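Numbers in my numbering are just positions in the sequence shown, counted from 1, shifted up by 59.
Data block below; observations after.
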Amino acid sequence: MVEINTNELTDAEAEQYDRQIRLWGLDSQKRLRSSRVLIIGVKGLGAEVAKNITLAGIKSLTLLDDGDVTQDDICAQFLVPRDQIGQNRAEASLARTQNLNPMVKVTADTTAVADHPDEYFHDFEAICATKCSYDQLLRLDGICREKGIKFFCGDVFGFFGFTFADLQTHEFAEEVTEFKPAAFVDEPAAKRTKVEPVKTTVKRTETFVPLKDALGVDWKSESYAKKVKKSESSYFLMKILFKFRAEKKRDPAPESRESDIEELKRIRDEELPSMGIPLEKVPDHLLSMLFAEVSPACAIVGGVLSQEIIKALSQHEAPHNNMFFFNPERNLGHVECVGA
Numbered sequence: 060m061v062e063i064n065t066n067e068l069t070d071a072e073a074e075q076y077d078r079q080i081r082l083w084g085l086d087s088q089k090r091l092r093s094s095r096v097l098i099i100g101v102k103g104l105g106a107e108v109a110k111n112i113t114l115a116g117i118k119s120l121t122l123l124d125d126g127d128v129t130q131d132d133i134c135a136q137f138l139v140p141r142d143q144i145g146q147n148r149a150e151a152s153l154a155r156t157q158n159l160n161p162m163v164k165v166t167a168d169t170t171a172v173a174d175h176p177d178e179y180f181h182d183f184e185a186i187c188a189t190k191c192s193y194d195q196l197l198r199l200d201g202i203c204r205e206k207g208i209k210f211f212c213g214d215v216f217g218f219f220g221f222t223f224a225d226l227q228t229h230e231f232a233e234e235v236t237e238f239k240p241a242a243f244v245d246e247p248a249a250k251r252t253k254v255e256p257v258k259t260t261v262k263r264t265e266t267f268v269p270l271k272d273a274l275g276v277d278w279k280s281e282s283y284a285k286k287v288k289k290s291e292s293s294y295f296l297m298k299i300l301f302k303f304r305a306e307k308k309r310d311p312a313p314e315s316r317e318s319d320i321e322e323l324k325r326i327r328d329e330e331l332p333s334m335g336i337p338l339e340k341v342p343d344h345l346l347s348m349l350f351a352e353v354s355p356a357c358a359i360v361g362g363v364l365s366q367e368i369i370k371a372l373s374q375h376e377a378p379h380n381n382m383f384f385f386n387p388e389r390n391l392g393h394v395e396c397v398g399a
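Written as structure tokens, this is what we have:
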């Protein structure tokens, strides 16, 4: 059900979040204010999400990253000062994140996600995972489904990016506009043709599938074979990237560009035919666009991902069910329900 939060905002909070309260309502802001969020991976995409949800006014934010700041991070990770290269990425991002909104409690965790027991993740209302392996994402989604925690993940690979949401069974309030006849005085019914818009709030429910279903689609099946032509190439690029990450324990790197492109081609040539996907769905030139995190792509994908987290926690407006892809070639963002 759409929960009613009885925790009142302080006068300072009401003033701080006045614009947002006007936008999505007091109850939605109160739900946000009681939400604890974990972001795993604080590179370019993670930084964008951290910025946006901190400004939105959640209760607390934990930044989890066991990696150190590199020169490549400076291109897209704006929460890290330039003099922090070599320092832990989560700790280096802490001060600037906290300065965005002193009313949000921000903490850093330098432990690897794989080293945390399942119980660690039970203390959050939402978990957003970036730069994780396929196996770790499945583990996290399983934990979230067991405990009713909202799960999000996403990645930016070069110019491309994606997001995924598993909200299990999610209820939310949505404002709809209906057109009803206007009230007239002393007018015959036949002449009462004018209508006026009337806004009402309705409650809706969306059901989500787990990540393993979205990433384990049988594209050879009759229902999905028909969709191959219209499906985003970004989905298959994502699958190729996960395979590369599993084999190399890293993402494609600019310093090994030529050899990594050959590896990406090899993975594509193995994976796509096994899925029943023609190779031309992912042409060679797309594989050369998967390196590093491009700042504008992080801004776009991070903006969408953080907005979905805010909508889910506030239970305001319909969520994306269940994947969003950004394709720079077409300058297009596309929402697709995969695996349902």
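For each residue, glycine too, the CB sits at the ideal point set by N, CA and C.
In this text the structure is predicted, and so the values were computed from the model without any measurement.
Apart from sequence neighbours up to five positions away, the residues of its chain that approach F137 with a beta-carbon distance below 7 Å are A106, ordered along the chain.
By DSSP's assignment, E265 forms a beta bridge with H229. With contacts defined by Cβ atoms closer than 9 Å, V360 and T266 do not form a contacting pair.
Taking C-alpha positions only, G103 is separated from E237 by approximately 41 Å. Taken in chain order, the complete beta strand (DSSP E) segments of 3 residues or longer contained in the segment 178 to 209 are 185 to 189. Around the C-beta of N380, 16 or more other C-beta atoms lie within 10 Å, and the residue is accordingly described as buried. Non-local beta-carbon contacts of N66 in its own chain, meaning distances under 8 Å to residues more than five positions away in sequence, involve K89, R92, S93 in chain order.
Rounded to the nearest whole angstrom, the C-alpha separation of T228 and T264 is 7 Å.
Counting every other CB atom within 10 Å of its CB across the protein chains shown gives A71 a total below 16, marking it as exposed. Looking at A109, I320, A185, W83, the one whose alpha-carbon comes closest to that of L159 is A109. Residues of the same chain with a CB within less than 6 Å of the CB of C212, apart from the 5 flanking positions on each side, are A188, L196, F223 in chain order. Put simply, the backbone Cα of S318 is about 52 Å away from that of D77. Between H181 and K206 the beta-carbon gap is near 5 Å, inside 8 Å, which marks them as a contact.
Counting every other CB atom within 10 Å of its CB across the protein chains shown gives H344 a total below 16, marking it as exposed. A305 places its beta carbon less than 9 Å from that of S192. When DSSP reads this structure, N386 sits in a beta bridge with L391. In the DSSP assignment, A167 forms a beta bridge with L122.
For A167, same chain residues with a beta-carbon under 6 Å away, outside a window of 5 residues either side, are L122, A149, E150, L153 in chain order.
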